[in-house]
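Okay, structure first, notes after.
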Amino acid sequence: LLTDKPQDLRDFKSLFEHILARVNWANDFFIFTRTSFDTLDYASGKINHGSKAMLVGVGEAIRDLKREFQGELPKGIKRAKVFCGGCLVLEGEEYESNKNLAEIVAKSGLFDDWQFVVIHDDADYADTAEKFLWATWTRFDPANDVYAKSIETEQYHVKFTAPVVVDARMKPWYPKELFALPEVAQLVDARWNEYFPK
């Protein structure tokens, strides 16, 4: 994410809204393919390989962002939740059941008022910035999992038309998700400020 005005990085929703209100999808979204990765990244299915993306939102706002979803859901989508202005999280059926779901959503016309749509296994990832960040940015490979209403190439530059849709559902090659034991999480939460005073 890149912008030209100071932002509170601890307030991700505000930062993301700032960028989504300014991004020109035909010029400001870049995907870098075949890049090297550290061994903790498994989104591409191959260790040390994958892609990266850069989303730019600079200058003055060029649009008002949609903040409520009211509409029908296409087949394969169970629920929808707004993460922040301009960004909608959809709960989709399992990846193996419908591998083309993100492309169908992007071209359906049902989400054309939204700038950024993320398909997850659970729409509740929209409930907090922490959940959204973790579940989105660790579960997609931009070169394979980004779709849009239209994608054109002009002089080797890729131009997108919103909505841009990210398929962040769990894929078969991802390792199983780890969960903290409730008693461990409770202990860490209780002692966090002691270890890391403000």
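Take any residue in the sequence shown, count from 1 to its spot, add 79: that is its number in the numbering used here.
Cβ coordinates follow ideal geometry from the N, Cα and C atoms, glycine included.
- The beta carbon of Pro153 is closer than 8 Å to those of Ile183, Val184, Ser187 and Leu189 in its chain, skipping five residues each way along the sequence.
- Ala205 is positioned such that its CB atom lies closer than 9 Å to that of Val168.
- In this structure, the beta-carbon distance from Asn177 to Gly150 does not fall below 9 Å.
- When C-alpha distances from Phe219 are compared across Thr112, Thr240 and Leu99, the shortest belongs to Thr112.
- Bounds of any beta strand (DSSP E) do not take in Glu139, whose DSSP letter is neither H nor E.
- For the segment 93-124, the full-length beta strand (DSSP E) segments reaching 3 residues or more read 108-115 along the chain.
- For secondary structure counted as the beta strand (DSSP E) over 3 or more consecutive residues, the segment 173-210 holds these complete runs in sequence order: 195-199.
- With a 10 Å radius around the Cβ and a threshold of 16 neighbouring Cβ atoms, Leu266 comes out exposed.
- For the pair Lys250 and Ala122, the CB atoms are nearer than the 9 Å cut-off.
- Every unbroken stretch of the beta strand (DSSP E) spanning 3 or more residues and falling wholly within the segment 203-275 is given here in chain order: 225-233 and 236-246.
- A distance below 7 Å between beta-carbons, with the five flanking residues on each side excluded, links Arg146 to the following residues of its chain, in chain order: Val161 and Gly164.
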